[in-house]
Structure formats: C-alpha cells, structure tokens
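Shown next, in structure tokens, is the structure this report addresses.
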Amino acid sequence: MVRCLNPEDALLFQEAVDDNLEHLRPWLSWTRHEPRDLNEKIERLRQLRSAFDAGRDFVFGLFTPDQTRIIGACGLQTRQGPGAREVAYWVHRDFCRRGLATEVAAALVRVAFEVEGVGRVEIRCDPRNTPSACIPRKLGFEHEATLRGRKRDAQGNLCDEMIWTLFAEHYPGSQARERAVCAYDVLGRRLI
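In full-length UniProt numbering, the protein residues as written are 1 to 192.
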C-alpha cells in the first residue's frame, strides 16, 4: 500500500526511520537530522501533508497491506522545476531485494506522466548505491550525468550524484509504462 503520509502515522514512521538509520545514512542526507523525537516527527508529517495537499511536493509512505507497519517511503518531488518530477525512494532493510523500490518507482513514473502530464522524470542517486542505480536502468531511464562533489551526504561530506532521466516521448516504450498500477484520488476515484 502506497499512500500519503499523515501526522497520525508519526509513530510508525519514527519506528521505520529509527530502525533503518544505519541502512539509510550512507545514501540520504536528511538522516543527519535523525533520530528526531515523536513531536518533531508529527510536525514533519504535518509539513509533508500540507505540501502534498497544496500540490507542492508528494511524499508517500510504503505500508504493509494492513497498514500496521511502514516499510519505506517515496516521493514524486517537484524540486526539478515546472514540467518535471523527481522520483525518490527508500525501503526498510528487512524488505530490500524484493522489487518494492522498482515497483513504487514505476508507479510514481506513471503518475508523473499520466496524471501530472510532465515532460521529464528524474531519479538521482549516489553512484556507490548500486541497488538504487539499477532501478532507473530497469525502468528505461537514461544515465545523463554523474555530477561530482555536488551533494552532501549525511556526514556533511561532498559526494557524487548520478542523474537518470526519462522523457515523455520515451515513456510509452519504457518498462515503467508496462508496470501495473492503480492510482486513486482523495475521494477514491481511479486515476490510472
């Protein structure tokens, strides 16, 4: 189950992040601010929900089917500017190597092109994170560049960043388009 994170998910989110800090720290700069207390998590989820509702940024939780555990998070982020989205993802260490990140990335790519109508989707990752770099390759993205020393890691050190891109004209023939996805709006109406 992939859905928008809400403030009431704070305890589950805190457990997932805290349980995965060492797994995530090498790759995700936001982990430098972790662990945070529960009240800070509630406030952060309020901010994420507000941005989601305002159409500024879209962060989702990956939940077990019964929604009793968060097993990762993903985003369809707007930081690349108008007409583009960036797909981001992380998966709980206990659920890695099961194809979840690939499936959720494909779903977000479909939403970006088929619902949002963007012209370009990017996935960015550290070149040392081989499992993460395999995902855009599987989905038909092109490796456009590796920027050297442009991003800060969780320790504040400069690191490299790969940029993978899929353009709207290449989307119909991509593996991302072939993945089965059901997306719904806030009222439960099917979008794709």
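Cβ atoms here follow ideal geometry from the backbone N, Cα and C, with glycine treated the same way.
Host alpha helix (DSSP H) of ARG46 (start-end): 38-53
Residues near ARG190 in its chain [Cβ-Cβ closer than 8 Å; skip 5 each side]: CYS182, ALA183, TYR184
Simplified DSSP state of GLY83, which is helix, strand or coil: coil
Strand pairing of residue 207, partner residues [DSSP]: Nothing in the structure corresponds to residue 207, since the chain is present only between 1 and 192.
Top-ranked residue by Cα proximity to VAL2, from ASN129, PHE63, PRO82, ALA176: PHE63
8 Å contact criterion, which GLU122 and THR68 should meet: CB distance rounded: At roughly 33 Å, the Cβ-Cβ gap does not stay under 8 Å, so GLU122 and THR68 are not in contact.
Contact under 8 Å by Cβ, ALA176 with ARG110: yes
For ILE70 and ALA16, believed in contact at Cβ under 8 Å, the rounded distance: 4 Å
Local conformation of ASP126 per DSSP, three classes: coil
From GLU86, ASP19, ARG93, residue whose alpha carbon lies closest to that of PRO131: ARG93
Cβ shell of ARG25 (< 6 Å), same chain only, five flanking positions each side left out: THR31, ALA154
Distance, TRP27 Cα to GLY149 Cα: 14 Å
Burial state of ARG85, where buried means 16 or more other Cβ atoms lie within 10 Å: buried
Between the CA atoms of PHE58 and SER174 - distance to the nearest angstrom: 23 Å
Of the residues GLY156, GLY188, GLY140, LYS151, the one placed nearest ARG179, counting alpha carbons only: GLY140
Span of the alpha helix (DSSP H), counted from its first residue to its last, around ASP19: 10-24
Residue(s) in a DSSP beta bridge with residue 196: As displayed, the chain neither begins before 1 nor continues past 192, which places residue 196 out of reach and without an answer.
Sheet register partners of VAL181 (DSSP bridge): DSSP output for VAL181 lists no bridge partner at all.
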